[in-house]
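Visitor: Residue numbers (UniProt numbering): 1 to 350.
Backbone N, C-alpha and C fix where the C-beta goes; we use that ideal spot for every residue, glycine too.
Just dropping this structure here.
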């Protein structure tokens, strides 16, 4: 579908990275809907791995070291391992956040568990859950371990075809990319049994990529690098460039909204990329849009010119000889009144 050439050896425009496991041949450029032009990165693959700060159902694990974590059902707990609720190991922050570079890579882990009693049955819960952007994606391993009490390794590709939405719906590339852009949780099922006394997790790895130029290793060809238009930055155009802020898109084509220029009345080119509030107002202005003249100045800061705000002539139109907090000047530049600072008086604060 996305390949071209007599031997399907190339990618059609708007796609990149020809690989055998992709049913389309090449991957669609996503770029958060901003552009359809992209190519494979020259970043270097690396693996995230840490066995610190894992939790189980918001509780600390019983045993933690550099090689594995182990959860033991509390003897005096309410359920004492007899609850039918599926237990999940929850990943620490190092695995979360912006993980766009993990798309196309693998999540791997090894688990083993001990049933609470001989009556414990097999759990049918999903093996892995990914949460982010108000979405929950689920994965079931292709095969069950012959003996769940023995260590069992799971490898899951971070591609849409391997996942389902929580309601059973299919996962698309845009959905998976949005989840990975703000990954809030990775949950790994603690046991193949519906009731457990003990569960062990080890060797959790998540593929990613590094932009560092001095790294040596395999290229992350699965990571897209988009040709972003003005106002956008990031490998997938996922961020607003300096001088722009995010607004909700009217067209619906852009998944994160549109990036528009800062609106600072010509007195700043910097603003908060989320709220649009202006930073570093110049030309003696202030306010969320640099729309107000500073104390001791008069004029209309919304005209958009460097001389919108002028120093009050109270008594003289210089910063060193102005003793008014504000003033009123008529249209032809004649002083009408001065509001003198504390300690000064007189019509011209003189």
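1. Answer yes if the stretch 184-194 comes into contact with the stretch 22-33, meaning at least three C-beta pairs across the two stretches below 8 Å, and no otherwise.
2. Nearest to residue 232 by alpha carbon, out of 214, 329, 261 and 275?
3. Starting from the N-terminal side, write out each stretch of the beta strand (DSSP E) that is 3 residues or longer and does not extend beyond the stretch 217-253.
4. Is residue 308 near residue 299, with beta carbons less than 9 Å apart?
5. Is the CB-CB distance between residue 140 and residue 157 below 9 Å?
6. Within the same chain, show all residues whose beta-carbon is closer than 6 Å to that of residue 105, passing over the 5 residues directly before and after it, in chain order.
7. What did DSSP end up calling residue 168 once you bin it into helix, strand or coil?
8. Taking just the CA atoms, how far does residue 169 sit from residue 248?
9. Rounded to a whole number of angstroms, what is the C-alpha to C-alpha distance between residue 130 and residue 21?
10. Please report how far the alpha carbon of residue 111 lies from the alpha carbon of residue 151, in whole angstroms.
11. When you compare the CB positions of residue 69 and residue 51, do they come within less than 9 Å of one another, or not?
12. Could you name the residues that DSSP lists as bridge partners for residue 279?
13. Please return the same chain residues whose Cβ sits closer than 6 Å to the Cβ of residue 281, not counting the five positions on each side in sequence.
14. Just list the residues that DSSP pairs residue 108 with in beta bridges.
15. Report, in whole angstroms, the separation of the C-beta atoms of residue 17 and residue 236, which I expect to be a contact under 8 Å.
16. Beta-carbon separation of residue 205 and residue 55 under 9 Å?
17. May I have the straight-line CA-CA distance separating residue 196 from residue 113, to the nearest angstrom?
18. From residue 173 to residue 209, what distance separates their C-alpha atoms?
19. Cα separation between residue 255 and residue 2?
20. Could you tell me the boundaries of the beta strand (DSSP E) in which residue 177 lies?
21. Alpha carbon to alpha carbon, what distance is there between residue 215 and residue 277?
22. The beta strand (DSSP E) spanning residue 309 covers which residue range?
23. What residue range does the beta strand (DSSP E) around residue 39 cover?
24. Just how far apart, CA to CA, sit residue 171 and residue 98?
25. Which residues does DSSP pair with residue 298 in a beta bridge?
26. What three-state label does DSSP hand residue 323 in the structure shown?
27. Short of 6 Å in beta carbon distance, which residues of its chain neighbour residue 72, apart from the five on each side in sequence? Order them along the chain.
28. Between the alpha carbons of residue 338 and residue 265, how many angstroms are there, rounded?
29. Should residue 95 and residue 183 be called a contact, given that it needs their Cβ atoms to be closer than 9 Å?
30. Quick check on residue 177: buried or exposed, where buried means 16 or more other Cβ atoms within 10 Å of its Cβ?
31. Under 9 Å between the Cβ atoms of residue 181 and residue 257?
32. Which of helix, strand or coil does DSSP assign to residue 189?
Guide: Result, derived from the coordinates:
1. They do not touch, by the three-pair rule.
2. Residue 232 has its Cα closest to that of 261, out of 214, 329, 261 and 275.
3. Counting whole runs of 3 or more residues, the stretch 217-253 contains the beta strand (DSSP E) stretches 224-226 and 244-247.
4. Cβ distance < 9 Å, so residue 308 and residue 299 count as in contact.
5. Judged by beta-carbon spacing, residue 157 lies beyond the 9 Å limit of residue 140, meaning their Cβ atoms are not closer than that value.
6. Closer than 6 Å at the Cβ level, and outside the excluded window around residue 105, lie 158 and 207.
7. Here DSSP, grouped into helix, strand and coil, assigns residue 168 to coil.
8. The straight-line gap separating the alpha-carbon atoms of residue 248 and residue 169 is approximately 26 Å.
9. Linking residue 130 to residue 21 through their CA atoms gives a straight-line distance of about 22 Å.
10. Residue 111 and residue 151: Cα-Cα distance of roughly 5 Å.
11. It is a contact, given that the beta carbons lie within the stated cut-off.
12. Residue pairing by DSSP places residue 279 opposite 270 in a beta bridge.
13. Beyond the five residues adjoining it in sequence on each side, residue 281 comes within less than 6 Å, by CB distance, of 267, 268 and 290 in the same chain, given in chain order.
14. Looking at the DSSP output, residue 108 shares a beta bridge with 155 and 205.
15. So it is not a contact: roughly 14 Å between Cβ atoms.
16. It is not a contact, given that the beta carbons lie outside the stated cut-off.
17. If I take the Cα positions, the gap works out to 7 Å.
18. C-alpha separation (whole angstroms): 19 Å.
19. C-alpha separation (whole angstroms): 22 Å.
20. That residue, residue 177, is in no beta strand (DSSP E); its alpha helix (DSSP H) goes 173-181.
21. When rounded, the distance between both Cα atoms is 38 Å.
22. Counting along the chain, the beta strand (DSSP E) containing residue 309 begins and ends at 309-311.
23. Element bounds for residue 39: 38-40.
24. Distance between residue 171 and residue 98, taken at the CA atoms: about 19 Å.
25. Per DSSP, 310.
26. The answer is coil: DSSP assigns residue 323 none of H, G, I, E or B.
27. For residue 72, the CB contacts under 6 Å within the same chain, skipping 5 residues up- and downstream, are 62 and 198 in chain order.
28. So the alpha carbons of these two residues sit roughly 26 Å apart.
29. Yes; because the gap between Cβ atoms is below 9 Å, this pair is in contact.
30. It is buried - the Cβ of residue 177 has at least 16 other Cβ atoms within 10 Å.
31. Against a cut-off of 9 Å, the Cβ pair of residue 257 and residue 181 comes out as no contact.
32. Under the three-state reduction of DSSP, residue 189 is assigned to strand.
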